[in-house]
Each structure stands twice: as structure tokens, then as C-alpha cells.
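Report on one structure; see the data block that follows.
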């Protein structure tokens, strides 16, 4: 069984309001890439990864403007991929949804949110992800009220390996948007880091609840964070990735790319995303996307793979796939193969 996570940049731009593909020469949201070119690049990539379940990060919008669920079904049909059924969770207001494409011949899936439903003032336990969470992240004895702009997708999966709890995430970016001075940028960056860490603590508490109930857990998606990613990590002591993974012991989640990054922050690191920094005229690579598994699933995990066109030998040696990965998105898919040892 193959599980994947893939952040598709500007996916919603490729569909009209009825969820039909805009297969034309108009520029997509990606610089220098037409909508038709991005669509066909995505077709090549989705066919190549051939996953049983794909968490699509930044999936098409669900709103009065667009039927994102229909759009994703349309794309799956156009691509001719096995993962043709769509599971949605809580819609958001960002035009970047979290959805699960899956093969109904292999997996059944349902949206299964957990946690108490509470009001806008929040509570200190781990409430449902579309509500509010209260936590004091510093020493001022004042609790912050935290929400998700993109509530995680909670999926209950029936799989060939048994029941699996999949939590799909896209944690808010720490970029200081709107800052006009260095001081404002620093203030916003610290505030965004605080919120991001609070969301990761909330997520980790939910993971602990599932593990305590004896469930097998996969956390997949874009955490917009990684060990050593920015200077504000030192201020708070650890990254959001470390919080989600948990401490040492039987409840720690595992992702080999995250573990490698944690072991040595001065050596070359795995990367899952590539962004062009216009002001510096260079590319920035980062490890942002993960597929983390609980200990029971680690025993049947066989291979994690980042489909990076420059780092993965098979991707590099296939010119069509290599070009498609670069055209399709600024992130690259991450896959995990799970095999029953019996």
C-alpha cells in the first residue's frame, strides 16, 4: 500500500467554477507555466507515483466560487489514476483545501473528526480541529486562543493493513507577510512561530489520544517547518516537526527524512520543496513535507521516497518525469510504501 502527500501549487487555478479543467494556454499561477502545461505535468506526476491514497495539500477551493471536490474527481478521471475517490474534511477560507484522493478498490475512507466541540474562547484540552485551542506559550500567564486557518483532515481508513487513522495537515506559514520594517517583520515572525508551535502542540495532543486508544496513526502533509529552518526556533527551543513527532519512546512518530535532519543540521538535508528568491536571484530548498507513522506502522514501512527531480536518481533519469515535477508545483511528492510482513 502506498501513501503519498503532495502540495500542488495553485491547483485551484486550473479549474472553472463548475470544477472543469481549464486546459488552455493562459498562464497558470506558476510563473512561465500555462494551465495546460501544469495540468499535463500533474497528470504525469500523479500517474508516476501511483499511490493508493494521496493527501492533496492546497487542493482546489471549496466555496461558492468553486466545487473543489468535483474538480479533484475531474482531474483524477482525466489523469486516469486509481486514486479516483475524494474525501474532504472541514472547508476553509484560503482557497487551499486538504483533500484525500484514494483508490476505492483498496481503501475505504471517511471524515472522522475527533475532540470536543467548543466555542470561540477555546479550551486547554485538544478540541476538534475546526474550533479553538487555549494555551500559554510563554511566561506571561496569559493563554492564547489558537485556531487553524486550514483545519487538519481526519480520515478513518480501512486498509489491507487494517484500520489506520490518517491526519492530513497544512500548518500555517511563518512568513511575516505585511511587514514594512525589520522590527515589524521580526514581531510578525515571532507571532507566527508562536501560533505554528501551538497548532503543533494541539496536533500532538490529538496524536497521543489516538495512540492511547491503540490506533495506528499516519500524519502527512506540509508542516511549513523543519529542524533549523529559521532563527526563531532557538527562541522557543524546538521546531514544530519535533513537537509533532514527540519525545523518545513508544509514542514517537517516525519519518526518516525528519530524523536525518534532526541528527545533523550542518550536513546536506533531504528537501521536498524548491522556491525562487527573486531578490537574491537563487533557489531555496527546504524540507517541509512529511509522512510520519506510529511505531506499529513503522514495522511494516518499507520505503519513504521524495520524488525530487535532482536528488532522486530514477526521477533524474526520466526526462519527462523530471520536467513534469518542475512544472507541476514548487513542492515534490513524498511517498511511503507499507507492506504486511505476513
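Numbering (my numbering), first residue to last: 682 to 1023.
Glycine included, C-beta positions come from ideal geometry on N, C-alpha and C.
Residue 875 and residue 705 have their alpha carbons spaced roughly 42 Å apart. With 16 or more neighbouring CB atoms inside 10 Å of its own CB, residue 812 falls in the buried class.
In the three-state scheme derived from DSSP, where H, G and I count as helix and E and B as strand, residue 921 is classed as helix. Closest by C-alpha distance to residue 781, out of 787, 797, 764, is 764. Of the candidates 798, 754, 886, 754 places its Cα closest to the Cα of residue 700.
For residue 956, the enclosing beta strand (DSSP E) has its first and last residue at 954-958. Residue 682 is not a Cβ neighbour of residue 937, given a cutoff of 9 Å.
Burial check for residue 792: the Cβ neighbour count within 10 Å stays below 16, so the residue is exposed.
Here residue 963 is bridged, per DSSP, to 958. Residues of the same chain with a CB within less than 8 Å of the CB of residue 775, apart from the 5 flanking positions on each side, are 830, 831 in chain order. Residue environment analysis places residue 712 among the exposed positions, since fewer than 16 neighbouring C-beta atoms fall within 10 angstroms of its C-beta. DSSP lists 738 as the beta-bridge partner residues of residue 688. As computed with DSSP, residue 749 is found in no beta bridge at all. Cβ-Cβ distances below 6 Å link residue 897 to 845, 975, 977, 978 in the same chain, with the five nearest sequence neighbours on each side left out; the list follows chain order. Collapsing the DSSP output to three states places residue 704 in coil. In this structure residue 1020 is exposed. Its beta-carbon is surrounded by fewer than 16 other beta-carbon atoms within 10 angstroms. Bridge partners of residue 985 according to DSSP: 1017. DSSP places residue 767 within a strand segment (E or B) once states are collapsed to three.
Less than 9 Å divides the Cβ of residue 902 from the Cβ of residue 833. Counting C-beta atoms within 10 angstroms of its own C-beta, residue 749 has 16 or more neighbours from the protein chains shown and is therefore classed as buried. For residue 717, DSSP assigns no beta-bridge partner whatsoever. Counting along the chain, residue 999 sits inside no beta strand (DSSP E), nor does DSSP assign it H or E at all. With a threshold of 16 other beta carbon atoms within 10 Å, residue 964 falls short and is exposed.
The closest CA to that of residue 933, considering only 888, 778, 998, is found on 888. Around the C-beta of residue 991, fewer than 16 other C-beta atoms lie within 10 Å, and the residue is accordingly described as exposed.
Each of 686, 890, 1017, 958 was checked against the Cα of residue 980, and the nearest Cα belongs to 1017. DSSP places residue 976 in the helix class (H, G or I) of the three-state scheme. Contact check for residue 736 against residue 884 fails: the beta carbons are separated by 9 Å or more. Apart from the 5 residues on each side of it in sequence, residue 796 sits with its Cβ closer than 6 Å to the Cβ of 807, 808, 809 in its chain, given in chain order. With respect to the C-alpha of residue 966, the residue from 944, 1003, 905 having the closest C-alpha is 905.
Secondary structure of residue 844 (DSSP, three-state): strand. Cβ neighbours of residue 839 within its own chain (closer than 6 Å, five residues either side excluded): 789.
Using a Cβ distance threshold of 9 Å, residue 783 and residue 733 count as a contacting pair.
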